[in-house]
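Undergrad:
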Amino acid sequence: MIKKFDKKDEESGSGSNPFQHLEKSAVLQEARIFNETPINPRRCLHILTKIIYLLNQGEHFGTMEATEAFFAMTRLFQSNDQTLRRMCYLTIKEMANISEDVIIVTSSLTKDMTGKEDVYRGPAIRALCRITDTTMLQAIERYMKQAIVDKVPSVSSSALVSSLHMVKMSYDVVKRWVNEAQEAASSDNIMVQYHALGLLYHLRKNDRLAVSKMLNKFTKSGLKSPFAYCMLIRIASKLLEETEAGHDSPLFDFIESCLRNKHEMVVYEAASAIVHMPNCTARELAPAVSVLQLFCSSPKAALRYAAVRTLNKVAMKHPSAVTACNLDLENLITDSNRSIATLAITTLLKTGSESSVDRLMKQISSFVSEISDEFKVVVVQAISALCQKYPRKHSVMMNFLSNMLRDDGGFEYKRAIVDCIISIIEENPESKETGLAHLCEFIEDCEHTVLATKILHLLGKEGPRTPSPSKYIRFIFNRVVLESEAVRAAAVSALAKFGAQNDDLLPSVLVLMQRCMMDSDDEVRDRATFYMNVLQQKQKALNAAYIFNGLSVSVPGLEKSLHQYTLEPTEKPFDMKSVPLANTPITEQKTEFAPVATSKLPEKPGPTRQDIYQEQLAAIPEFQGLGSLFKTSEAVQLTEAETEYVVRCVKHTFARHMVFQFDCTNTLNDQLLQKVMVQMEPSEAYEVLHYVPAANLPYSQPGSCYSLVRLPEDDPTAAGRLGGDRSRPHPEGVEA
1 MIKKFDKKDE
11 ESGSGSNPFQ
21 HLEKSAVLQE
31 ARIFNETPIN
41 PRRCLHILTK
51 IIYLLNQGEH
61 FGTMEATEAF
71 FAMTRLFQSN
81 DQTLRRMCYL
91 TIKEMANISE
101 DVIIVTSSLT
111 KDMTGKEDVY
121 RGPAIRALCR
131 ITDTTMLQAI
141 ERYMKQAIVD
151 KVPSVSSSAL
161 VSSLHMVKMS
171 YDVVKRWVNE
181 AQEAASSDNI
191 MVQYHALGLL
201 YHLRKNDRLA
211 VSKMLNKFTK
221 SGLKSPFAYC
231 MLIRIASKLL
241 EETEAGHDSP
251 LFDFIESCLR
261 NKHEMVVYEA
271 ASAIVHMPNC
281 TARELAPAVS
291 VLQLFCSSPK
301 AALRYAAVRT
311 LNKVAMKHPS
321 AVTACNLDLE
331 NLITDSNRSI
341 ATLAITTLLK
351 TGSESSVDRL
361 MKQISSFVSE
371 ISDEFKVVVV
381 QAISALCQKY
391 PRKHSVMMNF
401 LSNMLRDDGG
411 FEYKRAIVDC
421 IISIIEENPE
431 SKETGLAHLC
441 EFIEDCEHTV
451 LATKILHLLG
461 KEGPRTPSPS
471 KYIRFIFNRV
481 VLESEAVRAA
491 AVSALAKFGA
501 QNDDLLPSVL
511 VLMQRCMMDS
521 DDEVRDRATF
531 YMNVLQQKQK
541 ALNAAYIFNG
551 LSVSVPGLEK
561 SLHQYTLEPT
571 EKPFDMKSVP
581 LANTPITEQK
591 TEFAPVATSK
601 LPEKPGPTRQ
611 DIYQEQLAAI
621 PEFQGLGSLF
631 KTSEAVQLTE
641 AETEYVVRCV
651 KHTFARHMVF
661 QFDCTNTLND
671 QLLQKVMVQM
681 EPSEAYEVLH
691 YVPAANLPYS
701 QPGSCYSLVR
711 LPEDDPTAAG
721 RLGGDRSRPH
731 PEGVEA
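Below, the structure is given as structure tokens:
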């Protein structure tokens with residue numbers, strides 16, 4: 001009797017994963033059959049599969065459990081079953097880091113590595129190199145050298161790839177295998193040649209001259225492997241970027257010559273490398289764009305996708321260079337692969353004329369619902385760029401974006417649309433009411449708190465200045481009734497701005513504020529009470545100071561300052577002037593509502609001392625990833641005034657680091673100091689990451705050197721001592 005499975009049977013799990021209910025203890029119990037004689041290869045193979053499955057699912061094996069299973073598994077080397085042996089190699093690699101005494105299988109692996117069975121030799125090399133440490137590496141060095149130049153490609157590739165992994169562990173030993181790797185690089189097998197080139201590059205990558213010589217050798221002699229050619233192109237483009245060589249360099253000529261290679265993979269890699277080079281002119285891009293244009297009509301979907309994706313990136317910086325491909329791109333709009341069609345249209349949006357916008361938008365709308373969110377974001381970004389290019393087309397764009405807002409989609413997709421609509425509103429005042437109407441409709445069903453608060457902030461800023469501001473009140477108050485605490489608080493702030501700017505709406509806003517004062521959330525009640533009292537005063541100065549401007553300080557900085565204030569009890573009141581200013585500029589309303597008769601608001605402050613230091617430190621490459629500057633100390637003199645070198649120190653505090661700036665002055669008129677730095681001796685909890693020396697220190701001309709110190713991760717407020725030679729800085733070179 002044949003049983004027929006219907007859809008319900010499939011959904012109930014008839015074709016589910018047979019290993020999904022495995023228990024580690026049960027599998028380890030089953031592993032005891034490894035000790036039975038004779039060995040049953042089929043059952044043992046099934047148990048090894050279960051062990052590997054559990055390990056890859058993240059199941060934790062204790063050291064004792066893993067070691068026992070590992071020792072039992074070593075008996076399986078007595079079997080001559082090929083599949084079982086190769087599964088043993090896989091299990092050895094998986095359990096190498098959690099089992100103890102894995103070295104016990106070294107002799108068995110070495111025997112397989114040097115045996116006559118080629119099917120064992122490659123996997124045995126990979127497993128052996130996985131369990132070998134620095135002390136054992138020299139014992140197998142002779143075997144590794146022989147394996148690298150072995151005539152069997154799988155053995156040679158295994159040895160080369162394993163050597164590449166061992167470079168991190170024992171660079172000096174692997175470096176002695178360079179001659180064998182160079183011999184392997186002339187192999188006829190494409191994978192052996194590729195792996196040999198990779199090993200040679202990683203052994204020489206810190207020596208720019210050696211890399212240049214290697215490139216020169218292989219670009220002249222030629223290679224058979226397309227994979228190796230792709231790696232050469234990447235190495236050459238990286239070297240071009242590091243040396244800042246011009247496009248007259250032989251390396252650029254080599255990359256350009258690869259555009260005529262017989263392998264499509266190499267041709268695309270060369271075109272992609274040229275396109276991504278900095279400071280490339282349209283003339284230098286032309287050969288790469290021509291190749292990509294040919295790929296657009298390729299029968300292979302992967303090539304068409306690669307070409308149109310790369311042209312899309314070129315169009316961002318050099319739209320004129322891609323204009324010649326417009327006809328080919330238009331043919332791709334009807335491509336059966338929607339990803340290709342989407343990229344083709346977004347590229348055309350960047351390169352097309354104003355007259356083609358309507359037609360392109362119509363074509364996008366025909367299939368936009370069928371593509372993934374990732375490509376929808378690409379479409380929205382292209383529309384945003386197009387709005388800046390053709391501002392007269394904003395109405396077409398706005399309607400299309402509003403339709404996209406109604407479709408289903410994730411947070412990133414919706415945020416891209418909202419950001420695009422906001423940018424259109426800011427750049428085209430005549431589109432303000434249309435854009436705000438679309439956003440009001442969107443927040444009625446918006447699931448994302450971040451987007452809802454952002455739109456409410458925009459409504460509070462732009463809504464009161466529209467011809468009929470009252471129509472937005474309903475949308476804002478609906479948020480107070482229906483939404484979460486964060487959205488309700490943002491809605492209260494937006495309502496207050498309407499009441500502050502429109503006298504005829506003030507009575508209605510006050511009634512709504514009274515209702516908000518009974519909210520279940522304390523922040524919503526506090527905001528409503530605060531704004532209620534301010535609005536009842538009907539003073540423009542109070543409105544400007546407390547409703548429109550808000551805090552002009554950095555919120556993270558305020559948090560840190562308040563935390564520090566609570567750690568050090570004092571009778572002195574907290575000073576807001578000690579908090580660093582926010583990076584965002586103060587809003588325009590500061591001066592718009594300032595009354596003439598009562599009080600005058602302060603003008604926008606100029607850059608503070610801390611802002612200047614922030615800009616100076618951000619210009620130094622070693623300090624670019626430190627984040628915003630929290631605090632800068634006053635300068636402390638480290639030396640006496642009459643010493644030969646005058647040094648003073650300024651401390652800059654960041655979230656996880658501290659930068660010590662040493663301002664040094666050379667008072668000796670017969671010496672020029674070079675590479676001057678102040679060495680530091682930190683306590684155990686602290687670590688000096690970088691020294692940035694002062695390049696030159698001529699007589700009587702001050703210069704600065706820096707030390708970057710990492711703060712303790714467990715307790716950044718921990719006290720520590722940073723010492724050094726207080727008497728003088730340490731110049732690396734001195735010229736009389």
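Under full-length UniProt numbering, the sequence shown has 707 at position 707, and the numbering climbs by one with no breaks.
Glycine included, every Cβ here is placed at the ideal spot set by N, Cα and C.
Kindly list the residues whose CB is nearer than 7 Å to the CB of L285, restricted to its own chain and excluding five residues on each side of it in sequence; keep chain order.
TA: I274, V275, V314, H318, A321
Undergrad: With distances taken between CB atoms, is the gap from P226 to H263 smaller than 7 Å?
TA: yes
Undergrad: Closest by CA to Y120, which one among L164, F77, F400, I131?
TA: F77
Undergrad: Got a sec? Which residues, its chain only, sit under 8 Å from P41 by beta carbon, not counting five neighbours each side?
TA: S79, D81, T83, L84
Undergrad: By the 10 Å Cβ neighbour count, where 16 or more other Cβ atoms means buried, how is Y171 classified, buried or exposed?
TA: exposed
Undergrad: Restricting to Cα atoms, I'd like to know which of I51, Q29, F34, P467 is closest to Q20.
TA: I51
Undergrad: Taking only the alpha-carbon atoms, compute the straight-line gap between Q514 and P467 and give it to the nearest angstrom.
TA: P467 has its alpha-carbon roughly 26 Å from the corresponding atom of Q514.
Undergrad: Residues in the same chain with beta-carbon distance under 7 Å from S520, minus the five sequence neighbours each way, listed in chain order, please.
TA: Contacts found: none.
Undergrad: If you draw a straight line from the C-alpha of Q616 to the C-alpha of C664, how long is it?
TA: In this structure, the straight-line span from the alpha carbon of Q616 to that of C664 is close to 17 Å.
Undergrad: Quick test of your reading: V492 and R465, contact by CB under 8 Å. State the CB separation rounded to the nearest angstrom.
TA: Not confirmed; about 20 Å, so no contact.
Undergrad: M694 bridges to which residues according to DSSP?
TA: A small correction: the amino acid at residue 694 is Ala; Met does not occupy that position in the sequence shown. V676, per the DSSP bridge assignment.
Undergrad: Can you tell me whether T632 is buried or exposed? The criterion is at least 16 other CB atoms within 10 Å of its CB, across all chains shown.
TA: buried
Undergrad: Hey, how far is the Cα of Y472 from the Cα of S561?
TA: 38 Å
Undergrad: Can you list, in chain order, the residues of its chain with a C-beta nearer than 8 Å to that of E444? Leave out the 5 residues immediately preceding and following it.
TA: F475, N478
Undergrad: Provide the residue span of the beta strand (DSSP E) that contains M658, from first to last.
TA: 657-666
Undergrad: Assign V155 to buried or exposed, taking buried as 16 or more other Cβ atoms, counted over all protein chains shown, within 10 Å of its Cβ.
TA: buried
Undergrad: With H, G and I counted as helix, E and B as strand and the rest as coil, what does DSSP make of L708?
TA: strand
Undergrad: Would you mind sorting E483 into buried or exposed? The rule is 16 or more other CB atoms within 10 Å of its CB.
TA: buried
Undergrad: With 16 other CB atoms within 10 Å as the buried threshold, where does E269 fall?
TA: The residue in question, E269, is buried, as its Cβ has 16 or more Cβ neighbours within 10 Å.
Undergrad: So, does the region 183-193 touch the region 201-208, judging by three or more C-beta pairs under 8 Å?
TA: no
Undergrad: Compute the Euclidean distance between the alpha carbons of Q381 and A618, then round it to the nearest angstrom.
TA: The straight-line gap from Cα to Cα measures roughly 29 Å.
Undergrad: From P18 to V659, what distance separates their C-alpha atoms?
TA: 57 Å
Undergrad: Between the Cα of residue 738 and the Cα atoms of S431, L215, E374, which residue gives the shortest distance?
TA: Examination of residue 738 is not possible in this model, given that the chain is present from 1 through 736 alone.
Undergrad: Just to check my reading of the structure: L451 and A494 have Cβ atoms closer than 8 Å, yes? What is that Cβ distance to the nearest angstrom?
TA: The pair is not a contact, with the Cβ atoms about 14 Å apart (cut-off 8 Å).
Undergrad: Nearest to L232 by alpha carbon, out of K217, E244, T243?
TA: K217
Undergrad: My assumption, with CB atoms under 8 Å, is that L708 sits in contact with Y686. Please give the rounded CB distance.
TA: With a Cβ gap of about 11 Å, L708 and Y686 do not count as contacting.
Undergrad: Beta-carbon separation of R656 and A635 under 7 Å?
TA: A distance of 7 Å or more separates the beta carbons of R656 and A635.
Undergrad: Could you check what DSSP says for E412 in three-state terms: helix, strand or coil?
TA: helix
Undergrad: Along the chain, which unbroken stretches of the alpha helix (DSSP H) at least 4 residues long are found entirely within the region 235-261?
TA: 250-257
Undergrad: Would you kindly work out how many angstroms separate the C-alpha atoms of P469 and V378, rounded to a whole number?
TA: 34 Å
Undergrad: Give me whichever residues DSSP pairs with R42 in a beta bridge.
TA: Paired residue(s): none; R42 is not in a bridge.
Undergrad: With DSSP as the reference, please indicate the residues paired to Q637 in a beta bridge.
TA: R648
Undergrad: Sorted by chain position, which residues of the same chain lie with C-beta nearer than 8 Å to V27's C-beta, five sequence neighbours on each side aside?
TA: Cβ within range, chain order: I47, K50, I51, L54.
Undergrad: Got a sec, what are the start and stop residues for the alpha helix (DSSP H) G435 sits in?
TA: 432-443
Undergrad: What residues are listed by DSSP as bridge partners for residue 761?
TA: Given that the chain is displayed from residue 1 to residue 736, the structure contains no residue 761 and the question cannot be resolved.
Undergrad: Kindly indicate which three-state DSSP category T83 falls into: helix, strand or coil?
TA: helix
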